[in-house]
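For the sequence shown, counting from 1, position 327 maps to 319 in the working numbering; every step adds exactly one. Below you'll find the structure, written out as structure tokens, and then a few comments.
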Amino acid sequence: MTLLGGTAFGEIGHPDSIAAWRTMVPADDAAVVVRDGADVVGQCFFLELSLTVPGGAVLPTAGISFVAVAPTHRRRGILRMMYTELHQRIADRGYPIAALTASEGGIYGRFGYGPATIEQLVSIDRRFAEFHASVPDPGGVRLVKPAEHRDTFAEIYERWRRGTPGGLVRPTALWDDLLADRENTRGGGSELFAFLHPDGYVLYRVHGDDPMNMRVAEFVAATTDADVALWRALLGMDLMEKVDVWTYPDEILPQLLTNPRLVRVTSSADDLWLRIMDIPCTLEARRYQADLDLVLEVSDGFRSDGGRFALEIRDGRARCTPTENPADVELGLDVLGSLYLGGYRPDGFAVANRLRSNDPAAVRRLGAAFASEVPAQLGYGF
């Protein structure tokens, strides 16, 4: 499996890193392997994750990872065969939802997955960055050695995770793996450096010599004060030219600067993908922003996890039950996965005829209910 994974993804992970991730694999039956004779030609497994949903509830989640098919065995149905078996095991274990991060964006919709969060790479030329005079300077940022502050980072991350849809519980083994700061994780950059605030932290590397640029590995702020203070620290590094940060579409930085054009989005892509395995359980787990009474017809072209459901929302809480009543809205399971964390709205899916209703007001009500007060972000890649 290690050889096929290394071939597919371009590197073989460090043994200690592989061991850390293996602690999240629940059992031997969480992996599906396809062989041609003695050769492994297909593989996938799932991790045991805990996903935060709008309102702060945490759902046990099967996180599919390390999916690979040998280039010598493409177009033979191996991926579908593996996914059929793996998702049956996920269903048998009672996971209400499955998740993945996609190396290729055109594959997983057919399996009922929809992109649920968006990540953006933002590049700032910090030499010209000035904050509006009205922006506070909360202070409180310290320079620290990352390896000495694992528990502090973990406590801050956990506070952020509890309030952020898409946040994932991060076990100690993954913290140790991150802060081991091995050479093969540096991408040609420096060792990890860190800024620490009581309510946030930044981990970053320096790349290049002339000019020197900063690439942020992780930016976590559990409060607005921490967010502003950490941006001030990052943009105050006089010897650096650019700062590159992976962030999300509602990032506040453009509003902080006198010249918002300095915040350039150089890449935007899907991040977390979701497939709902148990529709009533999953829809009843999250909180909602508006009352709603609709019948949803959810189609699942991969398994039989769809159906027709009456969704009643009152005071943020949902009741979802199977029904024979006529549908108000028809949509695919992949679309429902995209809507679930509030990171996508139904309007665009309606234009694409991937979400259908004879009542435009029903689509608007659906969007109002599924919106999230806190923007969805993936906690970490897997």
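Every residue gets a Cβ at the ideal spot worked out from N, C-alpha and C, and that includes glycine. Note that the coordinates shown come from a computational prediction; the quantities given were computed from them, not determined experimentally.
Length of the line joining the Cα atoms of L78 and A19:
Translated into the one-based positions of the sequence shown, residue 78 becomes position 86. Translated into the one-based positions of the sequence shown, residue 19 becomes position 27. Approximately 13 angstroms between the Cα atoms of the pair.
Assuming H189 is part of the beta strand (DSSP E), what are its boundary residues?
Position 197 of the sequence shown, counted from the start, is the residue given in the question as residue 189. Unbroken beta strand (DSSP E) run through H189: 185 to 189.
For the pair the stretch 260 to 273 and the stretch 87 to 94, tell me if three or more CB-CB distances fall below 8 angstroms.
yes
Is the Cβ-Cβ distance between P376 and Y100 less than 7 angstroms?
Summary: the structure shown does not reach residue 376, with the chain confined to residues -7 through 374, and so no result is reported for it.
Enumerate, from N- to C-terminal direction, the unbroken alpha helix (DSSP H) stretches of 4 or more residues contained entirely within the stretch 226 to 304.
245 to 248, 271 to 277
Proximity to V114 [Cα-Cα], best of M204, E96, T239:
Sequence index remark: in the sequence shown, residue 114 carries index 122 (1-based). Here the closest residue by C-alpha is T239.
DSSP three-state call for Q369: helix, strand or coil?
Counting from one through the sequence shown, the residue named residue 369 turns up at place 377. Coil at Q369, not helix or strand.
Just verifying my parser: in three-state terms, what is the DSSP assignment at G55?
Within the sequence shown, the letter at position 63 stands for residue 55. Three-state DSSP puts G55 in a strand.
Distance, R14 Cα to R162 Cα
Translated into the one-based positions of the sequence shown, residue 162 becomes position 170. Translated into the one-based positions of the sequence shown, residue 14 becomes position 22. R162 and R14: Cα-Cα distance of roughly 14 angstroms.
Helix or strand or just coil, what does DSSP make of Y336?
What you label residue 336 is simply residue 344 of the sequence shown in a count that begins at 1. It is coil, neither helix nor strand.
Determine the direct distance from the alpha carbon of T177 to that of A209, and round the result to whole angstroms.
Translated into the one-based positions of the sequence shown, residue 209 becomes position 217. Translated into the one-based positions of the sequence shown, residue 177 becomes position 185. Spanning the two alpha carbons is a distance of roughly 10 angstroms.
Between the stretch 297 to 311 and the stretch 273 to 287, do three or more beta carbon pairs fall short of 8 angstroms?
yes
Would you mind working out which of V24, Q35, R224, G131 sits nearest G(-1), comparing C-alpha positions?
As a working note, residue -1 is residue 7 in the sequence shown. Residue -1 is actually Thr in this sequence, not Gly. Nearest option by C-alpha distance: Q35.
DSSP-derived helix/strand/coil call for V321
Numbered from 1 along the sequence shown, position 329 holds the residue referred to as residue 321. Strand at V321.
Provide the residue(s) that pair with E111 in DSSP beta bridges, ordered along the chain.
Numbered from 1 along the sequence shown, position 119 holds the residue referred to as residue 111. Partner(s): A261.
Please report the straight-line C-alpha distance between M73 and A354, rounded to a whole angstrom.
Indexing the sequence shown from 1 puts residue 73 at position 81. Indexing the sequence shown from 1 puts residue 354 at position 362. So the alpha carbons of these two residues sit roughly 38 angstroms apart.
Can you give me the C-alpha to C-alpha distance between V50 and P252, rounded to a whole angstrom?
To locate residue 50, count along the sequence shown from 1; it is residue 58. To locate residue 252, count along the sequence shown from 1; it is residue 260. Roughly 36 angstroms between the two C-alpha positions.
Simplified DSSP state of F341, which is helix, strand or coil
Numbered from 1 along the sequence shown, position 349 holds the residue referred to as residue 341. Helix, per DSSP.
Give the straight-line distance between the Cα atoms of A225 and D242, rounded to the nearest whole angstrom.
Taking the sequence shown and counting its residues from 1, one reaches residue 225 at position 233. Taking the sequence shown and counting its residues from 1, one reaches residue 242 at position 250. One C-alpha to the other measures close to 20 angstroms.
In this structure, how does DSSP classify F374 when only helix, strand and coil are distinguished?
Working through the sequence shown from its first residue, we reach residue 374 at position 382. If DSSP states are grouped into helix, strand and coil, F374 belongs with coil.
Go through its chain and collect everything with a Cβ distance to L71's Cβ below 6 angstroms, but skip five positions before and after it.
The residue given as residue 71 occupies position 79 in the sequence shown. The answer, listed in chain order, is V61.
Is P46 near S259, with beta carbons less than 7 angstroms apart?
Here residue 46 corresponds to residue number 54 of the sequence shown, with the count starting at 1. Here residue 259 corresponds to residue number 267 of the sequence shown, with the count starting at 1. It is not a contact, given that the beta carbons lie outside the stated cut-off.
Quick check on H189: buried or exposed, where buried means 16 or more other Cβ atoms within 10 Å of its Cβ?
As a working note, residue 189 is residue 197 in the sequence shown. Its Cβ being crowded by 16 or more others within 10 Å, H189 is buried.
Can you look up N405 in the DSSP assignment and give me helix, strand or coil?
Past the edges of the chain, shown from -7 to 374, lies residue 405, and the structure says nothing about it.
Extent of the continuous beta strand (DSSP E) run through F123:
Indexing the sequence shown from 1 puts residue 123 at position 131. Looking at the DSSP string, F123 is not in any beta strand (DSSP E), and its letter there is neither H nor E.
Please report the distance separating the alpha-carbon of L227 from that of D202.
The count along the sequence shown starts at 1 and reaches residue 227 at position 235. The count along the sequence shown starts at 1 and reaches residue 202 at position 210. So the two alpha carbons sit approximately 18 angstroms from each other.
Can you tell me the Cα-Cα spacing of D339 and L333, whole angstroms?
Indexing the sequence shown from 1 puts residue 339 at position 347. Indexing the sequence shown from 1 puts residue 333 at position 341. Approximately 15 angstroms between the Cα atoms of the pair.
Using only CA atoms, which one of G55, T64, F211 lies nearest to A83?
Position 91 of the sequence shown holds residue 83. Cα-wise, what sits closest to A83 is G55.
Please report how far the alpha carbon of F123 lies from the alpha carbon of T250, in whole angstroms.
For the purposes of this step, residue 123 is taken as the residue at position 131 of the sequence shown. For the purposes of this step, residue 250 is taken as the residue at position 258 of the sequence shown. Computed Cα separation, rounded: 6 angstroms.
Buried or exposed: which applies to G180, given that a residue is buried once 16 or more other Cβ atoms fall within 10 Å of its Cβ?
Locating residue 180 in the sequence shown gives position 188, where the first residue counts as 1. Per the 10 Å Cβ criterion, exposed.
Cβ-Cβ separation, E111 to A261 (assumed contact under 8 angstroms), whole Å:
Numbered from its first residue, the sequence shown carries residue 261 at position 269. Numbered from its first residue, the sequence shown carries residue 111 at position 119. Sure, about 6 angstroms apart at Cβ, within 8 angstroms.
In the DSSP assignment, what are the bridge partners of P314?
The residue labelled residue 314 in the question sits at position 322 within the sequence shown. The partner list for P314 (beta bridge, DSSP) reads F301.
Presumed contact (8 angstroms Cβ cut-off) between L325 and V290, rounded CB distance
Looking up residue 325 in the sequence shown gives position 333. Looking up residue 290 in the sequence shown gives position 298. The Cβ separation is near 6 angstroms, so the contact holds.
Rounded C-beta distance between D168 and L184? I'm assuming under 8 angstroms.
Taking the sequence shown and counting its residues from 1, one reaches residue 168 at position 176. Taking the sequence shown and counting its residues from 1, one reaches residue 184 at position 192. Contact doesn't hold; Cβ gap of about 13 angstroms is too wide.
Out of A30, P352, A23, state which residue places its alpha-carbon closest to the alpha-carbon of R81.
The residue labelled residue 81 in the question sits at position 89 within the sequence shown. Comparing Cα-Cα distances from R81 to each of A30, P352, A23, the minimum goes to A23.
Suppose you measure from the CA of F103 to the CA of T274; what does that come to, to the nearest Å?
As a position in the sequence shown, residue 103 is number 111, starting the count at 1. As a position in the sequence shown, residue 274 is number 282, starting the count at 1. Approximately 18 angstroms between the Cα atoms of the pair.
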